[in-house]
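*Asks:*
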Amino acid sequence: MTTVHEQTKSLVEKDRENIWHHISAYNEKNPPMVIEKGEGAWITDHKGDRYLDGMAGLWAVNVGYGREEMAQAAYEQMKKLAYVPMTQSHGPAIELAEKINELLGADYKIFYSNSGSDANEVAFKLARQYHQQNGEPSRYKFISRYRAYHGSSMGALAATGQALRKYKYEPLAPGFLHIAPPDNYRRPAGQSVEEYNIQRAQEFEEKIIWEQKETIAGIIMEPLITGGGILIPHPIYVEKVQEICKRHGVLLIIDEVICGFGRTGKMFGHQHFNCKPDIITMAKGLTSAYLPLSITAIRKEIYDKFDTGEDNSHFRHVNTFGGNPAACALALKNIEILEREHLVDRSAELGDRLLKELEVLKDHPYVGDIRGLGFLMGIELVEDKETKEPATNARMAKIIGDCKANGLIVGRNGDTVAGFNNILALSPPLSCTDEDFDFIV
Ligand code: PLP
Numbered sequence: 007m008t009t010v011h012e013q014t015k016s017l018v019e020k021d022r023e024n025i026w027h028h029i030s031a032y033n034e035k036n037p038p039m040v041i042e043k044g045e046g047a048w049i050t051d052h053k054g055d056r057y058l059d060g061m062a063g064l065w066a067v068n069v070g071y072g073r074e075e076m077a078q079a080a081y082e083q084m085k086k087l088a089y090v091p092m093t094q095s096h097g098p099a100i101e102l103a104e105k106i107n108e109l110l111g112a113d114y115k116i117f118y119s120n121s122g123s124d125a126n127e128v129a130f131k132l133a134r135q136y137h138q139q140n141g142e143p144s145r146y147k148f149i150s151r152y153r154a155y156h157g158s159s160m161g162a163l164a165a166t167g168q169a170l171r172k173y174k175y176e177p178l179a180p181g182f183l184h185i186a187p188p189d190n191y192r193r194p195a196g197q198s199v200e201e202y203n204i205q206r207a208q209e210f211e212e213k214i215i216w217e218q219k220e221t222i223a224g225i226i227m228e229p230l231i232t233g234g235g236i237l238i239p240h241p242i243y244v245e246k247v248q249e250i251c252k253r254h255g256v257l258l259i260i261d262e263v264i265c266g267f268g269r270t271g272k273m274f275g276h277q278h279f280n281c282k283p284d285i286i287t288m289a290k291g292l293t294s295a296y297l298p299l300s301i302t303a304i305r306k307e308i309y310d311k312f313d314t315g316e317d318n319s320h321f322r323h324v325n326t327f328g329g330n331p332a333a334c335a336l337a338l339k340n341i342e343i344l345e346r347e348h349l350v351d352r353s354a355e356l357g358d359r360l361l362k363e364l365e366v367l368k369d370h371p372y373v374g375d376i377r378g379l380g381f382l383m384g385i386e387l388v389e390d391k392e393t394k395e396p397a398t399n400a401r402m403a404k405i406i407g408d409c410k411a412n413g414l415i416v417g418r419n420g421d422t423v424a425g426f427n428n429i430l431a432l433s434p435p436l437s438c439t440d441e442d443f444d445f446i447v
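If you read the sequence shown in the numbering used here, its first letter stands for residue 7, the second for the next number, and so on.
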């Protein structure tokens with residue numbers, strides 16, 4: 007009979023033998039955590055050690071782990087009807103699309119896929135086809151921002167603005183251009199946040215003009231840059247970008263893959279601004295990552311250029327799993343929980359409290375900046391507060407390791423090539439209890 011210890015050991019060994027992990031390089035000395043269960047904001051590994059998951063997996067498990075009613079919703083749907091391709095339709099997909107429109111407070115057509123990357127690919131393809139069918143076939147380029155992450159597939163990665171993730175796989179999809187996002191902490195001395203944000207928006211307009219506006223299909227951006235280091239724009243930035251898009255016939259694609267479903271203290275991140283995107287992509291928090299599902303929401307006026315009766319005017323895109331009935335039923339349950347437990351307000355409240363509680367850290371010699379919106383926070387660590395020299399790899403690793411040793415998982419974000427991989431990220435489940443919150447603090 008094998009002992010518990012032997013079983014445990016073999017699990018890690020089998021992992022090393024067989025699994026090629028995403029992003030992370032593991033070895034004998036540094037094995038991956040093997041997580042066995044999750045409850046609320048906490049996960050437990052195979053050794054029985056518990057951690058508060060300060061990253062909600064990959065910024066995703068918004069309602070927390072271990073929700074039986076979510077499992078039940080998926081189970082009931084699977085028993086009743088496990089699969090329908092979205093070339094046809096089914097009840098949960100219809101209900102979910104209606105619910106998403108209610109949450110967006112507007113009329114969008116809902117296109118289902120499986121992941122955030124998929125949803126962004128759909129946005130790019132749709133935008134190009136829209137311009138073709140709207141009499142402007144020369145519009146094929148997309149503008150995106152440095153430091154942003156939009157996914158791992160060839161188009162979504164092309165939109166991504168982090169060179170280290172990309173350069174070994176280039177050439178990626180053609181037609182993606184980048185501009186710098188507002189990074190208020192590192193703005194030029196003497197410039198107000200507002201002036202600086204206006205200037206950054208003007209750079210977007212300049213890019214359109216330099217590139218010849220008739221070639222630009224759209225801009226893709228998150229309401230705030232998340233994985234690139236929690237860069238929160240002044241509202242004027244988003245409003246100006248929207249105004250520039252309108253003036254030049256450029257579609258505004260908002261990537262809500264992380265910011266959606268309460269993460270920033272509103273149901274969607276763009277709802278912080280006076281903004282009506284043309285296309286919105288969402289994933290992660292849509293199902294709190296219990297099952298894969300993503301959505302590309304398209305303004306109905308754009309859809310009107312499709313399916314006009316002319317040959318080939320429909321969107322020639324299909325994926326097998328998008329809109330899976332169990333995933334849609336589960337997403338509906340997830341949204342019901344978000345609403346019933348007021349988790350969006352809770353996100354805003356916990357985020358505000360966290361900013362206040364962590365105020366004391368501002369005097370710490372290595373803390374350059376603390377910023378957040380809702381239950382999404384970045385702590386930018388520096389070697390020197392005057393020069394803002396980013397914290398070294400060793401310092402970042404030590405702090406993250408110390409957090410883990412004390413039972414808290416935190417993220418590390420930014421852009422390695424630019425040298426700003428020095429932001430500690432916190433994005434815990436929105437369902438954190440007061441005790442969980444005190445633990446994080
Ligand atoms: N967009 C943003 C802002 C993301 O953070 C991510 C993933 O982290 C994606 C898109 C891609 O989503 P997925 O990993 O589901 O393909």
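Ideal Cβ placement from N, Cα and C applies to all residues, glycine included.
Cα separation between D261 and E228?
*Replies:* Mapped onto the sequence shown, residue 261 falls at position 255. Mapped onto the sequence shown, residue 228 falls at position 222. Across the structure, D261 and E228 are spaced so that their CA atoms are roughly 5 Å apart.
*Asks:* Helix, strand or coil, according to DSSP, for K115 in the structure here?
*Replies:* Here residue 115 refers to the residue found at position 109 of the sequence shown. If DSSP states are grouped into helix, strand and coil, K115 belongs with the strands.
*Asks:* Closer than 7 Å by C-beta to A66: which residues in its own chain qualify, once you throw out the five before and the five after it? Chain order, please.
*Replies:* Translated into positions along the sequence shown, residue 66 becomes position 60. Taken in chain order, the residues that qualify are K290, G291, S294 and A295.
*Asks:* Strictly by DSSP, which residues pair up with N33?
*Replies:* For the purposes of this step, residue 33 is taken as residue 27 along the sequence shown, with counting starting at 1. None; N33 has no bridge partner.
*Asks:* With a floor of 4 residues, list each alpha helix (DSSP H) that falls wholly inside the stretch 222-261, ordered by position along the chain.
*Replies:* 241-254
*Asks:* Name the two residues that bound the continuous beta strand (DSSP E) containing G374.
*Replies:* In the sequence shown, residue 374 corresponds to position 368, counting from 1. Segment V373 to G378, the beta strand (DSSP E) holding G374.
*Asks:* So which of Q94, R56 and P37 has the shortest CA-CA distance to N412?
*Replies:* Against the sequence shown, residue 412 aligns to sequence position 406. That would be R56, whose Cα lies nearest to the Cα of N412.
*Asks:* Ends of the alpha helix (DSSP H) at A470?
*Replies:* Outside the displayed span of the chain (7 to 447) sits residue 470, for which this structure offers no information.
*Asks:* Could you check whether the stretch 157-168 touches the stretch 118-125, counting it as contact only if at least three pairs of C-beta atoms, one from each stretch, sit closer than 8 Å?
*Replies:* yes
*Asks:* Can D421 and Y191 be called in contact, C-beta distance under 9 Å?
*Replies:* In the sequence shown, residue 421 corresponds to position 415, counting from 1. In the sequence shown, residue 191 corresponds to position 185, counting from 1. Result no, Cβ atoms of D421 and Y191 do not sit closer than 9 Å.
*Asks:* What's the C-alpha gap between P241 and C251?
*Replies:* Within the sequence shown, the letter at position 235 stands for residue 241. Within the sequence shown, the letter at position 245 stands for residue 251. In a straight line, the C-alpha of P241 is about 16 Å away from that of C251.
*Asks:* My understanding is that R269 touches S437, with C-beta atoms under 8 Å, so please give their C-beta distance in whole angstroms.
*Replies:* Within the sequence shown, the letter at position 263 stands for residue 269. Within the sequence shown, the letter at position 431 stands for residue 437. Actually they are not in contact, since the Cβ atoms of R269 and S437 sit about 12 Å apart, beyond 8 Å.
*Asks:* Does any heavy atom of ligand 1 sit closer than 8 Å to the C-beta of W216?
*Replies:* Translated into positions along the sequence shown, residue 216 becomes position 210. No, ligand 1 has no heavy atom inside 8 Å of this Cβ.
*Asks:* Where are the alpha helix (DSSP H) runs, 4 residues long or more, that stay fully inside the stretch 281-366, in chain order?
*Replies:* 306-309, 331-346 and 349-363
*Asks:* Return yes when the C-beta of V263 is under 8 Å from any heavy atom of ligand 1, and no when it is not.
*Replies:* For the purposes of this step, residue 263 is taken as the residue at position 257 of the sequence shown. Yes, Cβ of V263 sits closer than 8 Å to a heavy atom of ligand 1.
*Asks:* Taking the alpha carbon of K246 as the reference point, which residue from E45, I238 and Q208 has its own alpha carbon closest?
*Replies:* Taking the sequence shown and counting its residues from 1, the one referred to as residue 246 is at position 240. If we check each option's Cα against that of K246, Q208 comes out closest.
*Asks:* Determine, using beta carbons only, whether C265 and L299 come nearer to each other than 9 Å.
*Replies:* Stepping through the sequence shown from its first residue, residue 265 is reached at position 259. Stepping through the sequence shown from its first residue, residue 299 is reached at position 293. Cβ atoms of C265 and L299: not closer than 9 Å.
*Asks:* Can the beta-carbon of L258 be found less than 9 Å from the beta-carbon of P239?
*Replies:* For the purposes of this step, residue 258 is taken as residue 252 along the sequence shown, with counting starting at 1. For the purposes of this step, residue 239 is taken as residue 233 along the sequence shown, with counting starting at 1. No, the pair does not count as a contact, with Cβ atoms beyond the cut-off.
*Asks:* Please confirm whether A337 and F117 have their CB atoms less than 9 Å apart.
*Replies:* In the sequence shown, residue 337 corresponds to position 331, counting from 1. In the sequence shown, residue 117 corresponds to position 111, counting from 1. Contact: no.
*Asks:* Here's a check: name, in chain order, each residue in its chain whose Cβ is nearer than 6 Å to the Cβ of V199, leaving out the five neighbours to either side.
*Replies:* In the sequence shown, the residue the question calls residue 199 occupies position 193. Closer than 6 Å at Cβ, skipping near neighbours: N190 and H240.
*Asks:* Using 8 Å as the cut-off, can you tell me whether the stretch 47-55 makes contact with the stretch 304-321, which would need three or more C-beta pairs spanning the two stretches below that distance?
*Replies:* Counting Cβ pairs under 8 Å, fewer than three are found: no touch.
*Asks:* Excluding five sequence neighbours on each side, which residues of the same chain lie with their C-beta closer than 6 Å to the C-beta of T18?
*Replies:* Counting from one through the sequence shown, the residue named residue 18 turns up at place 12. The residue asked about is misnamed: residue 18 is Val in this sequence, not Thr. These residues qualify, in order along the chain: P37.
*Asks:* For ligand 1, any of its heavy atoms closer than 8 Å to the Cβ of C290?
*Replies:* For the purposes of this step, residue 290 is identified with residue 284 of the sequence shown, where counting begins at 1. The sequence given here has Lys at residue 290, not Cys. Under cutoff, so the answer is yes.
*Asks:* Which residues share a DSSP beta bridge with Y71?
*Replies:* Reading the sequence shown from its first residue, position 65 is the one you call residue 71. Looking at the DSSP assignment, Y71 forms a beta bridge with G46.
*Asks:* Just the Cα atoms here: how many angstroms apart are G417 and N140?
*Replies:* The sequence position of residue 417 within the sequence shown is 411, counting from 1. The sequence position of residue 140 within the sequence shown is 134, counting from 1. Each residue's alpha carbon lies about 43 Å from the other.
*Asks:* How is A424 classed by DSSP in three states: helix, strand or coil?
*Replies:* Translated into the one-based positions of the sequence shown, residue 424 becomes position 418. Coil.
*Asks:* Run through the DSSP bridge pairs and tell me what F210 is partnered with.
*Replies:* As a first step, residue 210 is located in the sequence shown; it is residue number 204 there, counting from the start. None, per the DSSP bridge assignment.
*Asks:* Under 6 Å Cβ to Cβ from Y202, same chain only, skipping five residues before and after it: list those, please.
*Replies:* By one-based count along the sequence shown, residue 202 stands at place 196. Cβ neighbours of Y202 beyond the five flanking positions: R193.
*Asks:* Just checking: is the beta-carbon of F312 within a distance shorter than 9 Å of some beta-carbon in chain C?
*Replies:* No chain C appears in the structure shown, which is made up of a single protein chain.
*Asks:* Round the Cβ separation of V447 and E363 to the nearest angstrom and send it over; I've been treating them as touching at under 8 Å.
*Replies:* One-based indexing of the sequence shown puts residue 447 at position 441. One-based indexing of the sequence shown puts residue 363 at position 357. Correct: roughly 5 Å between the Cβ atoms.
*Asks:* Cα separation between L414 and L349?
*Replies:* Start at 1 with the first residue of the sequence shown, and residue 414 comes out as number 408. Start at 1 with the first residue of the sequence shown, and residue 349 comes out as number 343. Going from the Cα of L414 to the Cα of L349 covers about 21 Å.
*Asks:* Can you tell me which of E316, R346, M402 and H323 puts its alpha carbon nearest to the alpha carbon of L132?
*Replies:* In the sequence shown, residue 132 corresponds to position 126, counting from 1. Among E316, R346, M402 and H323, the Cα nearest to that of L132 is on H323.
*Asks:* So for E392, helix, strand or coil by DSSP?
*Replies:* Translated into positions along the sequence shown, residue 392 becomes position 386. Residue state, collapsed to three classes: coil.
*Asks:* Go ahead and label I215 buried or exposed: buried means 16 or more other beta carbons lie within 10 angstroms of its beta carbon, across all protein chains shown.
*Replies:* For this step, residue 215 is matched to residue 209 along the sequence shown. When all chains shown are included, I215 counts as exposed.
*Asks:* Identify every run of the beta strand (DSSP E) within the stretch 111-162, keeping only runs that are complete inside it and at least 3 residues long; order them along the chain.
*Replies:* Taking only runs of at least 3 residues, the beta strand (DSSP E) segments lying wholly in the stretch 111-162 are 114-119 and 147-151.
*Asks:* Is the beta carbon of Y173 less than 9 Å from the beta carbon of T166?
*Replies:* Walking along the sequence shown from the start, residue 173 turns up at place 167. Walking along the sequence shown from the start, residue 166 turns up at place 160. Not closer than 9 Å, so no.
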